[in-house]
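Participant:
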Amino acid sequence: MNGAPIDLVAVVKIFITLFAIIDPFGNIPLFLAMTVDDDEASRRKMAGRACLVSFVVLTLFALFGRWILRFFGVDIPAFQVAGGLVLLFFSLPMLTAVRGMSRIHPSEEVEGAEKEDISIVPLAIPLLAGPGAITAAIVLAQGGGLETQVVVIGAVAVALVITWNLLMGAGRIARMLGTTGINVLTRIMGLITLVIAVQFVLAGAKAFFSD
């Protein structure tokens, strides 16, 4: 993205990228495991708070990520390559449907299961707004102007509204799809994330060598 007007295809691509990396389907089993003793009202409250916090975090990085990189002296192409490698790391466990391995350390999962409120840690961070989603928000927003940033923030909002609704129906979805169905969806999200990772690396390398 180079500051030119964004077409519908680019908007859809940005949304799919963020939705795949946030991966609400892959987070359903973890959400259920960590809220097994909570009632429906508590789950609703925690899911809503987690999505709100995730939105704030990703919005801040979409808006100010470029200046954060400049402060640390990091070039955009270098960050694209590094960000692509980060997404590659997160995509591989998703492709094999290894739950939790792509986002959350086992100690964080245990701590989450023991906490009364898991909405901030680990649900919002690092499950929903983890390194992969933060990286994507920065890379997607950095190539254009205000219009691109607005599109990225809008895509984050839509993705998290869908995520909130999926978490609200987590029990029904888990029963309907079963372990196999959720694993299939997780693998699809992983494949999309892998393709995005490769694109980030290639775009960063191309920009680096063209300079």
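Oh and the sequence shown: position 62 is 113 in the numbering used here, straight run, nothing missing. All C-beta atoms, glycine included, are put in the ideal place defined by N, C-alpha and C. Because the structure is a prediction, the values reported are computed rather than measured.
Going straight from the alpha carbon of THR199 to that of PHE141, what length do you get?
Facilitator: C-alpha separation (whole angstroms): 25 Å.
Participant: Roughly how many angstroms separate the alpha carbons of VAL268 and VAL137, rounded to a whole number?
Facilitator: In the structure as shown, the chain begins at 52 and stops at 262. Residue 268 is therefore absent and cannot be evaluated.
Participant: DSSP three-state call for GLY232: helix, strand or coil?
Facilitator: GLY232: helix per DSSP, three-state reduction.
Participant: For my contact list, ALA184 and LEU109 are in at a C-beta cut-off of 8 Å; report their separation, rounded to the angstrom.
Facilitator: The pair is a contact, with the Cβ atoms about 6 Å apart (cut-off 8 Å).
Participant: If contacts are defined as beta-carbon pairs under 8 Å, then SER105 and LEU236 qualify, I think. What distance do you get, rounded to the angstrom?
Facilitator: That belief does not hold up - the Cβ atoms of SER105 and LEU236 are roughly 19 Å apart, past 8 Å.
Participant: Grab me the residues of PHE66's own chain with a C-beta within less than 8 Å of its C-beta, minus the 5 sequence neighbours each way, in chain order.
Facilitator: Excluding residues within five positions, the ones whose Cβ falls inside 8 Å are ALA206, VAL209, ALA210.
Participant: Just the C-alpha distance for ILE239 and LEU146, rounded to the nearest angstrom, thanks.
Facilitator: Their backbone Cα atoms lie some 7 Å apart in a straight line.
Participant: Report the three-state DSSP secondary structure of GLY220 (helix, strand or coil).
Facilitator: Residue state, collapsed to three classes: coil.
Participant: Any chance the stretch 70-77 sits against the stretch 189-196, with 3 or more Cβ pairs inside 8 Å?
Facilitator: Touching, no.
Participant: By the three-class DSSP mapping on this structure, what secondary structure does ILE176 have?
Facilitator: In this structure, ILE176 counts as helix in the three-state DSSP scheme.
Participant: Figure out for me which residue from VAL252, LEU217, ALA248 has the closest Cα to the Cα of GLY77.
Facilitator: When only C-alpha atoms are compared, the closest one is LEU217.
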